[in-house]
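Just so you know, we're using the numbering used here here: the sequence shown kicks off at 286 and counts up by one.
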Amino acid sequence: MCRFNRLLTRFAMIGAVAVSLSACEGMNITGPDTFDRPNDKWQQRDKQASVFGDGGLSFGGKEEKRQGQGGTGIGVNAYLWRATLDTVSFMPLASADPFGGVVLTDWHSASESPNERYKLNVYILGQSLRADGIRVAAFRQVKNATNEWQAVSVDPKAVTDIENAILTRARQLRTESMTQ
Numbered sequence: 286m287c288r289f290n291r292l293l294t295r296f297a298m299i300g301a302v303a304v305s306l307s308a309c310e311g312m313n314i315t316g317p318d319t320f321d322r323p324n325d326k327w328q329q330r331d332k333q334a335s336v337f338g339d340g341g342l343s344f345g346g347k348e349e350k351r352q353g354q355g356g357t358g359i360g361v362n363a364y365l366w367r368a369t370l371d372t373v374s375f376m377p378l379a380s381a382d383p384f385g386g387v388v389l390t391d392w393h394s395a396s397e398s399p400n401e402r403y404k405l406n407v408y409i410l411g412q413s414l415r416a417d418g419i420r421v422a423a424f425r426q427v428k429n430a431t432n433e434w435q436a437v438s439v440d441p442k443a444v445t446d447i448e449n450a451i452l453t454r455a456r457q458l459r460t461e462s463m464t465q
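Given below as structure tokens:
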């Protein structure tokens, strides 16, 4: 029993020391040793963006890598995001999540065909502007003889055309931003 108490005491002391030392990390110490050193690799590493703030664990790499990808504060490619909103702007939006990259529209009937309505779910799959970076799910309903909406299949070419329209608009936005 005495040996167990000593072991428990040692673990408690080690834990207390570790907690005390970790509390010192956030201290902002200024003094003669805080000047900039141009060739100090540790100081340069500390300036990198990271998950836990400046100098913390960095899983995403340097900011310079993401410059050409249209990265903003959102979790998906900014050009694809803006192009998606522009392309489906004629439909009412049900939900738009810029961090998850999901745009859901509500049902929309064109004035030329009031007995037919469409709904789109657009998924932006990453932070790069690529053809496989976007997926569209389209739904179509028509009114039947009893005046109820009935689901019917959507032509796969229509889905591809919507994806291509979004990609084309995203490329236009990227080109416009590069020429400015």
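Using N, Cα and C, we set each Cβ at its ideal position, and we do this for glycine too.
Residue range of the alpha helix (DSSP H) that includes residue i
i, result
"D446", "P441 to T464"
Cutoff 7 Å; reference residue i; Cβ partners in own chain excluding five residues on either side
i, result
"A368", "I451, R454, A455 and L458"
"G418", "N362, L365, I409, L410 and G411"
Cross-strand partners of residue i (DSSP beta bridge)
i, result
"A381", "V388"
"L405", "A423"
"A436", "Q426"
Anticipated Cβ contact below 8 Å, residue i with residue j, distance rounded
i, j, result
"A379", "D391", "4 Å"
Close-in-space but distant-in-sequence residues of the same chain around residue i (CB under 8 Å, 5 per side omitted)
i, result
"V387", "S380, A381, N406, V407, Y408 and I409"
"G360", "P383, F384, G385, G386 and Q412"
"Q435", "Q426, V427, K428 and N429"
Limits of the unbroken beta strand (DSSP E) element including residue i
i, result
"A368", "Note, A368: premise wrong, no beta strand (DSSP E); alpha helix (DSSP H) at A363 to T372."
"Q412", "From DSSP, Q412 is part of no beta strand (DSSP E); its letter is neither H nor E."
Check whether residue i and residue j have beta carbons under 7 Å apart
i, j, result
"F424", "K442", "no"
"S394", "R402", "yes"
"V421", "V439", "no"
Cβ shell of residue i (< 6 Å), same chain only, five flanking positions each side left out
i, result
"P377", "D391"
"M463", "none"
"N449", "none"
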